[in-house]
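Participant: Can you read through this structure? Questions will come right after.
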Amino acid sequence: MVCFLYCNGLMDHLYVCQNGNGCTAWYKAPGHFTGTLDAFVKITRYEGIRSLWSGLPPTLVMAVPATVIYFTAYDQLRDYLHARMGSWSHCIPLLAGALARLGAVTVISPLELIRTKMQSQQLSYRELRVCIQSAVAQDGWLSLWRGWGPTVLRDVPFSALYWFNYELVRTWLCRQAWLDGATFMVSFASGAISGTVAAVLTLPFDVVKTQRQIELGDSEVHPVTASKPSSTWLLMQRIRAESGTRGLFAGFLPRVIKVAPACAIMISTYEFGKSFFQKLNQEQQLRGL
1 MVCFLYCNGL
11 MDHLYVCQNG
21 NGCTAWYKAP
31 GHFTGTLDAF
41 VKITRYEGIR
51 SLWSGLPPTL
61 VMAVPATVIY
71 FTAYDQLRDY
81 LHARMGSWSH
91 CIPLLAGALA
101 RLGAVTVISP
111 LELIRTKMQS
121 QQLSYRELRV
131 CIQSAVAQDG
141 WLSLWRGWGP
151 TVLRDVPFSA
161 LYWFNYELVR
171 TWLCRQAWLD
181 GATFMVSFAS
191 GAISGTVAAV
201 LTLPFDVVKT
211 QRQIELGDSE
221 VHPVTASKPS
231 STWLLMQRIR
241 AESGTRGLFA
251 GFLPRVIKVA
261 PACAIMISTY
271 EFGKSFFQKL
281 NQEQQLRGL
């Protein structure tokens, strides 16, 4: 079995090729992906355009609660820490972002594992239920959190760096434009810049996280020959030995293409929505007076 990981700019895309299923020739014909556009063309041509949205339902199920938990926790933690750490205000985005993401990752990790398995093995929902039950029976409930460690190592530093840079860039842009508060475009630009920086610096942990989750699928397809999951550090060493340092930054361009606009859209719409409802609440309070 051969697993291919590719981030299509919308979500992580995993393709698993097993001998005898007719897909070996698929990859012999085009060879390999030579870039983002090449991957789009080949995936669409041989799997259909719908395959670009493989695993969308569990992605939505995962994204909505994760976003609610994440942003709400960050806002609450930031306000709480500002009241307790006035002299260390520059460190507050780092700490609040890290803690908020840690909580969100812990809650959502099983859903992300399910999404990855659906993308890697093309399972129906019935097959997925049997697969999850088998994994729990074999390795216990903690198996649903496989990949939690690398995910934390990727997402917690990402969140800390993201919010730290976001607050800095937003403040700087507001000063340059002589604005009292951030506009939609200021938030959009700040989110894109900070998301790009954080994505590049944490990319190796994203590669390791996906590798750890793929190992669960390997152990189910080949239970006898599958090796035990490696630690995060050993996996990074193995990837570096096999593919060099560049292997730890595989999917660099697709990840930036995905993360930068995603962060920009998410934070700008969040800030806009928050400002809108704050003004609405203030107007209703004034009318009540």
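At position 53 of the sequence shown (counting the first as 1) the number is 53 in full-length UniProt numbering, and the numbers step up by one without a gap. Even glycine gets a Cβ: it sits at the ideal position worked out from N, Cα and C.
(1) With a CB to CB cut of under 7 angstroms and the five nearest residues on each side skipped, what residues in its chain are close to Cys7?
(2) What did DSSP end up calling Trp148 once you bin it into helix, strand or coil?
(3) Can you grab the Cα-Cα spacing for the pair Val108 / Leu56, in whole Å?
(4) Which runs of the beta strand (DSSP E) fall wholly inside the segment 228-270 and span at least 3 residues, in chain order?
(5) Can you list, in chain order, the residues of its chain whose CB lies under 7 angstroms from that of Phe71, leaving out five sequence neighbours each side?
(6) Using the Cα positions of Cys3 and Arg129, report the straight-line distance between them to the nearest angstrom.
(7) Exposed or buried, Gly22, counting other C-beta atoms within 10 Å across all chains shown (16 or more means buried)?
(8) Does Gly48 come out as helix, strand or coil in the three-state DSSP assignment?
(9) Among Leu179, Val186, Tyr162, whose alpha-carbon lies nearest the alpha-carbon of Thr196?
(10) Touching or not, the segment 94-101 and the segment 159-176, by the rule of three or more beta carbon pairs under 8 angstroms?
(11) Should Ala209 be labelled buried (16 or more other beta-carbon atoms within 10 Å of its own) or exposed?
(12) Would DSSP call Met85 helix, strand or coil?
(13) Would Val186 be called buried (16 or more neighbouring beta carbons within 10 Å of its own) or exposed?
(14) Going by Cα to Cα distance, which pick from Thr44, Ala66, Ser268, Arg78 is closest to Phe188?
(15) CA-CA distance, Arg45 and Ala262?
(16) My assumption, with CB atoms under 8 angstroms, is that Ser190 sits in contact with Arg170. Please give the rounded CB distance.
(17) Looking at Ala260 and Ala192, is the spacing between their C-beta atoms short of 8 angstroms?
(18) DSSP state of Asp180, grouped into three classes?
(19) Mapping DSSP to helix, strand and coil, what is Gly103?
(20) Apart from the five residues just before and just after Ala199, which ones in its own chain have a Cβ nearer than 6 angstroms to its Cβ?
(21) Relative to the alpha-carbon of Phe184, which residue among Phe277, Gly244, Gly97, Phe272 has its alpha-carbon at the smallest distance?
Facilitator: For this structure:
(1) For this step, residue 7 is matched to residue 7 along the sequence shown. Note that Cys7 has pLDDT 41, beneath the 50 cutoff, so the model's placement of it is unreliable and no number is given.
(2) Residue 148 sits at position 148 when you count from the first residue of the sequence shown. Helix at Trp148.
(3) Within the sequence shown, the letter at position 108 stands for residue 108. Within the sequence shown, the letter at position 56 stands for residue 56. Residue identity check: residue 108 is Ile in the sequence provided, not Val. Rounded to the nearest angstrom, the two C-alpha atoms are 15 angstroms apart.
(4) none
(5) Position 71 of the sequence shown, counted from the start, is the residue given in the question as residue 71. Excluding residues within five positions, the ones whose Cβ falls inside 7 angstroms are Tyr270.
(6) Here residue 3 refers to the residue found at position 3 when the sequence shown is read from its first residue. Here residue 129 refers to the residue found at position 129 when the sequence shown is read from its first residue. For Cys3, the predicted structure reports a pLDDT of 47, less than 50, and the residue's modelled location is therefore unreliable. A value from the coordinates is still provided. C-alpha separation (whole angstroms): 22 angstroms.
(7) Position 22 of the sequence shown, counted from the first residue, corresponds to residue 22. Note that Gly22 scores 41 on pLDDT, short of 50, meaning its location in the model is unreliable; the coordinates nonetheless yield the value given after this. It is exposed - the Cβ of Gly22 has fewer than 16 other Cβ atoms within 10 Å.
(8) Taking the first residue of the sequence shown as position 1, residue 48 is located at position 48. Three-state DSSP puts Gly48 in coil, outside helix and strand.
(9) Start at 1 with the first residue of the sequence shown, and residue 196 comes out as number 196. Selected option, being the one with the closest Cα: Tyr162.
(10) yes
(11) For the purposes of this step, residue 209 is taken as residue 209 along the sequence shown, with counting starting at 1. It should be noted that the sequence gives Lys, not Ala, for residue 209. Lys209 comes out buried.
(12) One-based indexing of the sequence shown puts residue 85 at position 85. Residue state, collapsed to three classes: coil.
(13) Position 186 of the sequence shown holds residue 186. Counting Cβ neighbours within 10 Å, Val186 comes out buried, since at least 16 surround it.
(14) By 1-based counting over the sequence shown, the position of residue 188 is 188. It is Ser268.
(15) Looking up residue 45 in the sequence shown gives position 45. Looking up residue 262 in the sequence shown gives position 262. Cα-Cα distance, rounded: 26 angstroms.
(16) The residue given as residue 190 occupies position 190 in the sequence shown. The residue given as residue 170 occupies position 170 in the sequence shown. Their Cβ separation, rounded to whole angstroms, is 4 angstroms, which keeps Ser190 and Arg170 in contact under 8 angstroms.
(17) Position 192 of the sequence shown holds residue 192. Position 260 of the sequence shown holds residue 260. Yes, the Cβ-Cβ distance between Ala192 and Ala260 is below 8 angstroms.
(18) Position 180 of the sequence shown, counting from 1, holds the residue named residue 180. Asp180: coil per DSSP, three-state reduction.
(19) Translated into positions along the sequence shown, residue 103 becomes position 103. Gly103: helix per DSSP, three-state reduction.
(20) Numbered from its first residue, the sequence shown carries residue 199 at position 199. Within the same chain, Ala199 has close Cβ partners Arg255, Val256, Val259.
(21) Locating residue 184 in the sequence shown gives position 184, where the first residue counts as 1. If we check each option's Cα against that of Phe184, Phe272 comes out closest.
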